[in-house]
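In my numbering, the protein residues as written are 343 to 502. Let me begin by presenting the structure, written as structure tokens, before commenting on it.
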Ligand code: SF4
């Protein structure tokens, strides 16, 4: 991780997090959930579909890759009383809420806390663990700095 794990952060004492499955981060205003080619293959295998059918039915082209298709109201296509592909959910979902875009400042973090009831609950992730998750969320991504709709109840368009 290099210098990233050498610096002091407001989360050095750790942060409790346990997803409450409320779906707030899977619904709401439109957003982008990037899906890599290897993730598409995993989702296809999980759904018992071909890669082509998975792309056609569940994804949209976004930049040079793909994003998860959404309903008109912004609900993730895979969200139906819970995530239908939870074991193979994309990295962007798996690493939420420990994203650089959310942890880059304490003020930003406190604002996202209001939208995610899982923050502050469950086991405490140590500062080192959080840095590891941050690294995991960064590496496959080119950018991690977009907030399309900061007033939304959903952390939309925020990319790790
Ligand atoms: S907003 Fe938080 S608690 Fe709700 S589904 Fe997303 S991660 Fe889980």
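We put the CB at the ideal spot given by N, CA and C, even for glycine. Just so it is clear, the structure is predicted and the values come from calculations on it, not from any experiment.
message: Give me, in chain order, the residues of the same chain whose beta-carbon lies closer than 7 Å to that of residue 431; leave out the 5 immediate sequence neighbours on both sides.
response: Same-chain partners within the cutoff: 425.
- request: Give the straight-line distance between the Cα atoms of residue 481 and residue 414, rounded to the nearest whole angstrom.
  value: Its pLDDT being 46, under 50, residue 481 is placed unreliably by the model, and the measurement read from it follows with that caveat. If you draw a straight line from the Cα of residue 481 to the Cα of residue 414, it comes to about 31 Å.
Alpha-carbon to alpha-carbon, residue 437 and residue 360: For residue 360 and residue 437, the distance between alpha carbons rounds to 12 Å.
Candidates 419, 355, 364, of which the one nearest residue 459 by Cα: Residue 459 has its Cα closest to that of 364, out of 419, 355, 364.
- prompt: Leaving out the 5 sequence neighbours to the left and right, which residues in its chain are closer than 8 Å to residue 407 when beta-carbon positions are compared?
  reply: Sequence-distant partners of residue 407 (beyond 5 residues in either direction) whose C-beta falls short of 8 Å from its own C-beta, in its chain, are 376, 377, 378, 379.
- request: Quick one: give me the first and last residue of the alpha helix (DSSP H) that residue 392 is part of.
  value: Counting along the chain, residue 392 falls outside any alpha helix (DSSP H), and DSSP gives it neither H nor E.
field: Whole-angstrom C-beta distance between residue 382 and residue 369, which should lie under 8 Å
entry: That belief does not hold up - the Cβ atoms of residue 369 and residue 382 are roughly 22 Å apart, past 8 Å.
field: Sequence-distant residues of the same chain with beta carbon closer than 8 Å to residue 393, five excluded per side
entry: These residues qualify, in order along the chain: 382, 383, 386.
task: Keeping to the same chain, check which residues put their C-beta closer than 8 Å to that of residue 401; ignore five residues upstream and five downstream.
output: Closer than 8 Å at Cβ, skipping near neighbours: 377, 382, 408, 409, 410, 411.
task: Report whether the distance from the Cβ of residue 452 to the nearest heavy atom of the ligand SF4 is below 7 Å.
output: Every heavy atom of the ligand SF4 is 7 Å or more from the Cβ of residue 452, so no.
Where residue 358 falls, given that 16 or more other Cβ within 10 Å makes a residue buried: By the 10 Å Cβ count, residue 358 comes out exposed.
message: Tell me the DSSP secondary structure of residue 412 in three-state form.
response: DSSP, read as helix, strand or coil, puts residue 412 in strand.
- prompt: Between residue 366 and the ligand SF4, is the CB less than 7 Å from at least one heavy atom?
  reply: For the ligand SF4, at least one heavy atom lies less than 7 Å from the Cβ of residue 366.
message: Taking 7 Å as the cut-off, is the beta-carbon of residue 361 closer than that to any non-hydrogen atom of the ligand NAD?
response: As for the ligand NAD, it is missing from this structure, which binds only the ligand SF4.
query: What residues in its chain sit with their C-beta under 8 Å from that of residue 451, if we drop five residues either side in the sequence?
result: The beta carbon of residue 451 lies closer than 8 Å to those of 352, 353, 444, 445 in the same chain, with the five residues before and after it left out.
- prompt: Would you say residue 432 touches the ligand SF4, meaning its beta carbon is less than 7 Å from a heavy atom?
  reply: False, no ligand heavy atom lies under 7 Å from that Cβ.
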